[in-house]
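Residue numbers (my numbering), protein chains in the order written: chain A, 88 to 197; chain B, 638 to 748.
What follows is the structure in structure tokens.
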């Protein structure tokens, strides 16, 4: 089993719709969680950290479910510019080492 | 503005060649990382460094070495390139466990 698993997609979603992705992780001791965004042929960039209480940044909401060991990302009122690959990231046992999911590809259609 | 630069965007080498990939950050970050990214596998950590002259193996260090002589520069070396090292190589830097900032990547093809 991979340490961090994501549905690779692609998710094809009409503009304006709401879309959600889940990501599962295997290490129950993990303490820090992140969502990064990677545009086609570009480098990953931090989208948001995921806190235990859940957090929201504009149209984006991230939630953590420790009991079931998954994190989620919800995008409301999706825009064409949201088309990208979304990478789920979990801090590993080392304080420096991040464990990366393979990413979920999102395509927003007009 | 945060900046991580990598020496080449695209590189083509032959099997057996020694390859140097360089990464420079201007944010005075202690930590620097080298990853490779392959379709369906996500980012895999090759090596990281948390201080000058310090290095730690990541998940897939075989066939690679690194050098960090100055805080701002972290080099990845392929001692004898092989075709299975064809990949996208991404360098990143960070402060502690905070956000990792990435360079634009080097797409290496080994023939």
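Using N, Cα and C, we set each Cβ at its ideal position, and we do this for glycine too. Note that the coordinates shown come from a computational prediction; the quantities given were computed from them, not determined experimentally.
Please confirm whether residue 701(B) has its beta-carbon closer than 9 Å to some beta-carbon of chain A.
No, no contact with chain A.
Mind checking if residue 187(A) is an interface residue toward chain B, Cβ cutoff 9 Å exclusive?
Judged by the 9 Å Cβ criterion, residue 187(A) is in contact with chain B.
Can you list, in chain order, the residues of the stretch 681-702 of chain B whose Cβ is nearer than 8 Å to any Cβ on chain E?
Here the protein chains are A and B, and chain E is not one of them.
Between the Cα of residue 701(B) and the Cα atoms of 734(B), 708(B), 723(B), which residue gives the shortest distance?
Comparing Cα positions, the closest option is 723(B).
Just curious, the beta strand (DSSP E) that residue 178(A) is in, first and last residue?
From DSSP, the beta strand (DSSP E) with residue 178(A) extends over 171-178.
Mind listing which residues of the stretch 114-127 of chain A have their C-beta closer than 7 Å to chain B's C-betas, in chain order?
Taking 7 Å as the Cβ-Cβ cut-off against chain B, the residues of the stretch 114-127 of chain A that qualify are 119.
Answer with yes or no whether the minimum CB distance from residue 645(B) to chain A is below 9 Å.
Taking Cβ atoms only, chain A never reaches closer than 9 Å to residue 645(B), which makes this a no.
So, is the C-beta of residue 91(A) closer than 9 Å to a C-beta in chain B?
So, interface residue.
Chain A partners of residue 658(B), CB-CB under 7 Å?
Those within 7 Å of residue 658(B) in chain A number zero; the least Cβ separation is about 14 Å.
For a contact defined as C-beta to C-beta under 7 Å, what are the partners of residue 721(B) on chain A?
The contacting residues do not exist; residue 721(B) stays about 18 Å from chain A at best.
Given residue 680(B), which residues of its chain have a CB within under 7 Å of its CB, disregarding the five upstream and five downstream residues?
Excluding sequence neighbours, residue 680(B) sits near 672, 674, 727.
Using a Cβ-Cβ distance cut-off of 9 Å, determine whether residue 160(A) contacts chain B.
No, no contact with chain B.
Would a C-beta distance cut-off of 9 Å place residue 119(A) and residue 174(A) closer than the cut-off?
For residue 119(A) and residue 174(A), no; Cβs fall outside 9 Å.
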